[in-house]
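Enquirer:
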Amino acid sequence: MKLFVEWCEEVGLETVSDIQPLDIDEYHDIRAEAVAPVTLEGEMATLQEYLRYLEGLDAVADDLSEAVHVPNLDASQRSNDVKLSTPEAMAMLQYFRETPAVRASRKHVFLELVWFTGARQSGLRALDLRDVHLDDAFVWFKHRPSEGTGLKNNLDGERPVSLPSGVVDVLREYIHENRNSETDVHGRAPLFTTLQGRPSGDSVRKWCYLATLPCLHSDCPHGKDRESCDWTGYKYASKCPSTRSPHRIRTGSITYQLNIGFPTEVVANRVNASPKTIRDHYDKADRQERRRRQRRRMESDRRGYVQQMDFDYENDIGSDD
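Under the numbering used here, read the sequence shown as residues -10 to 310, first letter to last.
1. Which residue marks the beginning of the beta strand (DSSP E) containing residue 149, and which one marks its end?
2. Label residue 8 either buried or exposed according to how many other C-beta atoms from any shown protein chain fall within 10 Å of its C-beta, with 16 as the threshold for buried.
3. Assess, as a yes-or-no matter, whether the stretch 77 to 84 is touched by the stretch 184 to 204 under the definition of 3 or more beta carbon pairs within less than 8 Å.
4. Rounding to the nearest angstrom, what Cα-Cα distance links residue 273 and residue 102 in this structure?
5. Using DSSP bridges, identify the partner residues of residue 127.
6. Would you call the stretch 242 to 250 and the stretch 276 to 285 in contact, with 3 or more CB pairs under 8 Å?
7. What separation, rounded to the nearest whole angstrom, lies between the Cα atoms of residue 178 and residue 130?
8. Using a Cβ-Cβ cutoff of less than 6 Å, which residues in the same chain neighbour residue 317 once the five nearest sequence positions on both sides are dropped?
9. Can you find the residues in the same chain that come closer than 8 Å, C-beta to C-beta, to residue 19, ignoring five residues on each side of it along the sequence?
10. Do residue 242 and residue 112 have their C-beta atoms within less than 7 Å of each other?
11. Is residue 179 helix, strand or coil by DSSP?
12. Per DSSP, what kind of secondary structure is residue 186 in: helix, strand or coil?
13. Helix, strand or coil: how does DSSP classify residue 109 here?
14. For residue 38, which residues from the same chain have a beta carbon less than 7 Å from its beta carbon, with the 5 sequence-adjacent residues on both sides left out?
15. When the Cα atoms are used, what is the spatial distance from residue 196 to residue -7?
16. Under the criterion of a Cβ to heavy atom distance below 6 Å, does residue 212 qualify as lining the ligand FAD?
17. If you reduce the DSSP assignment to three classes, tell me which class residue 133 lands in.
18. How would you write the range of the alpha helix (DSSP H) that residue 44 sits in, first residue to last?
19. If I measure Cβ to Cβ from residue 92 and keep anything under 8 Å in the same chain, skipping five residues before and after, which residues do I get?
20. According to DSSP, is residue 240 helix, strand or coil?
21. Taking the alpha-carbon positions, what's the residue 253 to residue 144 distance?
22. On a CA-only basis, which of 221, 117, 146 is nearest residue 170? Give me that one, please.
23. Decide if residue 134 is buried, meaning its Cβ has at least 16 other Cβ atoms within 10 Å, or exposed.
24. Within a Cβ cutoff of 7 Å, which residues of the same chain sit near residue 71, ignoring the five residues on either side of it in sequence?
25. If you drop the 5 nearest sequence neighbours on each side, which residues of the same chain put their C-beta closer than 8 Å to that of residue 175?
26. For residue 96, which option in 146, 233, 6 has the closest C-alpha, if you only look at C-alpha atoms?
27. Using the DSSP secondary-structure output, state which residues sit across from residue 117 in a beta bridge.
28. Pick from 217, 230, 221, 191: whose alpha carbon is nearest that of residue 210?
29. Relative to the C-alpha of residue 12, which candidate in 207, 46, 182, 55 has its C-alpha closest?
And the structure:
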């Protein structure tokens, strides 16, 4: 609505009673050129609801809300296919693991956990040291809303998530050698810290952008020189077209977990999302990945499930005696 108000000011619409259907059409066309279809759908739906409210107050012409065109998108249009691909993720993780200067750094460990747990950035930001169980190789996501770290699905979001041994090794090194010994305003010891305590969501996103710069491990795909590129800076890494936000890394992680054979229900429990949400919004496997996934399932079926269908006649069926 802020953008709509600013546009009204620019074109000289001073009161809501001045708004006409043609104005709504013009604003729609302007926004359609500037944003993705799913964003346009949300903006227009909000505008339509606002105009309906004004209609109830007799502040605008009757049925003005009907002049708002809200795009009717299908599931594929609402879902963004951008993700951190598995080859990109593995190249980045290999770089961090094999480069002593950055191994077990804060952004390295955050990238490891985002990729191998598929957790939301809010869940990872909420982790305390007490939630990390190195000996048993898992982290436990806890809902603590009264202390500023609630999980998206509240208590239903609480869960343990197991970790591969390589991630545990990096996590142990970070905790013992590189973590700043800070507490947050509630006296808790966050896993990820800044000099001020627990990081903000904005800080976490910047770590992800910095960790996914492609020029860390290969030549710049955009023809830039790393030494002089502004995108490598803390404030500007998000401008690089190849860097990825925590959500896009989460999407890549979920696709990766499905590709290596995790059942959808298992992935759903690990990442705290319903199987339907995973199928509709997070599974971004390309055609080749889906073919490999299908072959893996067929091989698994042949080795396991189909073999279970065999039986010993006398023991499984019984005899007449």
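Using N, Cα and C, we set each Cβ at its ideal position, and we do this for glycine too. As the structure is a computational prediction, the values presented were derived from the model and not from experiment.
Expert: So, to answer that:
1. 148 to 151
2. buried
3. yes
4. In this structure, the alpha-carbon of residue 273 lies about 20 Å from that of residue 102.
5. 122, 151
6. Yes: the two stretches touch, three or more of their Cβ pairs being nearer than 8 Å.
7. 14 Å
8. As displayed, the chain neither begins before -10 nor continues past 310, which places residue 317 out of reach and without an answer.
9. Taken in chain order, the residues that qualify are -4.
10. no
11. Secondary structure of residue 179 (DSSP, three-state): strand.
12. strand
13. Here residue 109 sits in coil by DSSP.
14. none
15. A direct Cα-to-Cα measurement between residue 196 and residue -7 gives close to 33 Å.
16. No copy of the ligand FAD occurs in the structure displayed, which carries no ligand at all.
17. strand
18. Per DSSP, residue 44 belongs to the alpha helix (DSSP H) from 26 to 45.
19. Contacts found: 85, 86, 159, 162.
20. helix
21. 21 Å
22. 117
23. exposed
24. 237
25. 136, 137
26. 233
27. 179
28. 230
29. 55
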